[in-house]
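Protein chains in written order, with the UniProt record's numbering: chain V, 1 to 61; chain C, 1 to 61; chain R, 1 to 61; chain G, 1 to 61; chain Y, 1 to 61; chain X, 1 to 61.
For each residue, glycine too, the CB sits at the ideal point set by N, CA and C.
Inspection log for the structure reproduced underneath, given as structure tokens.
Protein chains: 6
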Amino acid sequence: MPYVNIRVAGTLTKEQKEKISKGVTDVICREAGKPPEAVLIFIDEVERDNIAKAGTLLSNG
Amino acid sequence: MPYVNIRVAGTLTKEQKEKISKGVTDVICREAGKPPEAVLIFIDEVERDNIAKAGTLLSNG
Amino acid sequence: MPYVNIRVAGTLTKEQKEKISKGVTDVICREAGKPPEAVLIFIDEVERDNIAKAGTLLSNG
Amino acid sequence: MPYVNIRVAGTLTKEQKEKISKGVTDVICREAGKPPEAVLIFIDEVERDNIAKAGTLLSNG
Amino acid sequence: MPYVNIRVAGTLTKEQKEKISKGVTDVICREAGKPPEAVLIFIDEVERDNIAKAGTLLSNG
Amino acid sequence: MPYVNIRVAGTLTKEQKEKISKGVTDVICREAGKPPEAVLIFIDEVERDNIAKAGTLLSNG
């Protein structure tokens, strides 16, 4: 029952989400021996104002 | 200090959130012996474009 | 595809985990209209040294 | 590679996010001996309808 | 700054973790246009007693 | 009701956890205007085999 949470800065197109979901599911199934239908992925698109690296918001970086 | 994160596809009405919060808190308090005021619940309503099962977005499923 | 993460201080018996999982799943299915087989729950048992409230570790509280 | 997720009720101003990110990064670097550029922070601003304490939504509390 | 959290039932070998980390990073970089060094992955290996599907612990399923 | 999850590679001493919890709580209370007793922190100490940056496990980096 793999659960995957992917958090990215900014937005993704629907096509990007489709390809990421398909690709990540394939990797996990192939390497961990899990059936595809067990893989659940949640993608969070997070504003650049709400992510900081080294103490600086990405929107200021 | 139980922390609960519930992630659902799509949206919930306020009444659904009230009932889920009340019900989940009751279960945890009854079964784990925790006081209600210690239970903190966050509900995330996630778009169906951002959740995938078996490598397919729910919005395409 | 509800995903639920429950984080508690200390440990639970297997029977407690069974009852919490069953009870939380029932609440979400009943109130949000989701089928039981869609509900995925992860329980994290966290040491009291690793949880703080009001800036104080639970193990010191 | 510390990862920090801060979830707050309601919204924060950009200045609040800047100060929280800077302050939390400073604390972790000073106390855990991590370099600032390794610290990644995600701030989630969550509606008061979607958080419950003691089984009651914050928006009803 | 993609952050990825992968939660699996049971344990993985170090080789499996290496291949999953490499594969998932490749997918996200290729599809989302992110540089590899920005991708941070945390893998959680969770006991089957602590995961439930359809209200039943995996260890009982 | 701020909830904070801090995930670090390796382990921390109890004293480090105390100082991080106190320091992070102080920052959030001061900058976001929250009362200390509302701040709940969970610290996850994660093995270096289970974290990857740029597709490489920290334990191999």
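Between the CA atoms of residue j and residue i - distance to the nearest angstrom
{"i": "M1/G", "j": "G55/C", "result": "28 Å"}
{"i": "L58/G", "j": "D49/G", "result": "6 Å"}
{"i": "N5/G", "j": "E18/Y", "result": "25 Å"}
{"i": "A32/Y", "j": "I20/V", "result": "8 Å"}
{"i": "E45/R", "j": "I51/G", "result": "21 Å"}
{"i": "K53/V", "j": "K34/G", "result": "13 Å"}
{"i": "E15/C", "j": "N60/G", "result": "11 Å"}
{"i": "G10/C", "j": "R30/R", "result": "16 Å"}
{"i": "P36/R", "j": "E37/V", "result": "16 Å"}
{"i": "E47/Y", "j": "T25/R", "result": "19 Å"}
{"i": "I43/G", "j": "F42/V", "result": "17 Å"}
Residue j beta carbon less than 8 Å from that of residue i
{"i": "Y3/X", "j": "L12/C", "result": "no"}
Integer Cβ distance of residue i from residue j, believed to fall under 8 Å
{"i": "residue 62/X", "j": "G23/G", "result": "As shown, chain X starts at 1 and ends at 61. That puts residue 62/X outside it, with no answer to give."}
Under 8 Å (Cβ pairs) to chain R, residues found in the stretch 29 to 50 of chain V: Look at the stretch 29 to 50 of chain V: the residues with a C-beta under 8 Å from a C-beta of chain R are L40, F42.
Output, in sequence order along the chain, the residues in the stretch 10 to 28 of chain X whose CB is closer than 7 Å to any CB in chain Y. Listed by position along the chain: nothing, the set is empty.
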